[in-house]
Each structure stands twice: as structure tokens, then as C-alpha cells.
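What follows is a single structure, written as C-alpha cells, with notes after it.
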Amino acid sequence: MYLALSAVDFSVAFALVHAVGVERVEPYTHRLVAWYRELRHGAAGAAALERADAARKAADEAEAAAEEAIAGEKGGEKRWWNNKALWAEVALAYSIHKVGFMPVRAGLTVAWTPKVVNWLRARGWIGTAGAKRAMQQGQDRMRGAIQQAKNAAKDATR
1 MYLALSAVDF SVAFALVHAV GVERVEPYTH RLVAWYRELR HGAAGAAALE RADAARKAAD
61 EAEAAAEEAI AGEKGGEKRW WNNKALWAEV ALAYSIHKVG FMPVRAGLTV AWTPKVVNWL
121 RARGWIGTAG AKRAMQQGQD RMRGAIQQAK NAAKDATR
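Residues 1 to 158 (the UniProt record's numbering) make up the sequence shown, in order.
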């Protein structure tokens, strides 16, 4: 139940981030990262990290431009998994999914679990009788497989 709800709410978060766009979400992400760095490393450390990020971003843009030029000469397509904007959207959607939707996901799981358990119990899939029945079915399958293997071995030796 929780896994299904997680898949649904991550999809909703990703669709929301993708619809809004990286261009509109990136400034908020940048502010959050800057705030955290200043809190963790102080103003001087945050400024040094910001300069390092700017240099890394410039190098990444130059590398991306070179790759694009090479791909243009070869007539190749840019691979979708190499798209940094897509991975930024995924990372942002994941954080929204984990933090923002947690109360909804946990609440629905708590609300639906007893109903699902009752439904499974009514069909005999859980409980002591269900466990005994499952054990018996497993034993019967094993006995059948062993007998089939013995018969195959006898047929092979003839």
C-alpha cells in the first residue's frame, strides 16, 4: 500500500515540478542551498563554495557546448538521460515527495491498512489458517516436484 502511494505521489510531484519548470524552481533551490551553506559553513565558507559552484557551472556549460557541437557534426542525438535539467527536476520532485507528501502518504496508509487486512483475511490469505494452508500447498508442490524428478530419472535410466 505504502509503495503504491509512494509511486503515485512521486509521479504527482515530478509532474508538478516539470509543469512549473526548472527555470522557475531553480531560484528557490539556489536560495535554499545558499541558506544551508551559510548556516553550516558561515558567510565566508558559503561565499567560497558559491565561487567554486560558479566556476564548475561555467566549465559544465563549456563542456556541454563542446559535446553539442560534436554531436551536431556527427548528426547524433542528445541522450535523454544526459539531460541535467531532467535530473534536477527528479531531485527536486524526490525531495518534495519525501518531505511534502509524507503526511498524506502515511495518513492514507494508516487509514487503508485495516481495510486491506480484513479483505485479505476474508479470502483466507492471512491468519493462522491461511498460513497452514500455504504451508500445506508448498509441501504438496515439493512432493510433486520430487516425484516428477524421480520419474524423470527412472525414464532416463531405461
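Quick reminder that beta carbons are idealized off the backbone N, C-alpha and C, glycines included.
> For the alpha helix (DSSP H) that Trp125 lies in, which residues bound it at each end?
Replying inline: Segment: none, Trp125 is in no alpha helix (DSSP H) and carries neither H nor E.
> CA-CA distance, Ile126 and Ala152?
Replying inline: Roughly 36 Å separates the two Cα atoms.
> Which whole-angstrom value describes the C-beta separation of Gly144 and Arg133, a residue pair presumed to lie in contact below a C-beta threshold of 8 Å?
Replying inline: Not really, about 16 Å apart at Cβ, beyond 8 Å.
>> Less than 8 Å between the C-beta atoms of Ala13 and Ala93, yes or no?
In response: In this structure, the beta-carbon distance from Ala13 to Ala93 falls below 8 Å.
> Near Val116, what residues of its chain come up, given a Cβ to Cβ distance below 7 Å and the 5 sequence neighbours on each side ignored?
Replying inline: Beyond the five residues adjoining it in sequence on each side, Val116 comes within less than 7 Å, by CB distance, of Met1 in the same chain, given in chain order.
> Are Leu5 and Arg105 closer than 8 Å when you measure CB to CB?
Replying inline: Against a cut-off of 8 Å, the Cβ pair of Arg105 and Leu5 comes out as a contact.
> Can you list, in chain order, the residues of its chain whose CB lies under 6 Å from that of Ala46, leaving out five sequence neighbours each side?
Replying inline: Within the same chain, and ignoring the five residues on either side of Ala46 in sequence, the residues whose Cβ sits closer than 6 Å to its Cβ are Arg37, Glu38.
> Skipping 5 residues on each side, what residues in its chain have a beta carbon closer than 7 Å to that of Thr109?
Replying inline: Residues Met1, Tyr2, Leu5 of the same chain have their beta carbon placed closer than 7 Å to that of Thr109, with the five preceding and five following residues left out of the count.
>> Considering only their Cβ atoms, is the gap separating Glu89 from Val22 smaller than 8 Å?
In response: Yes, the Cβ-Cβ distance between Val22 and Glu89 is below 8 Å.
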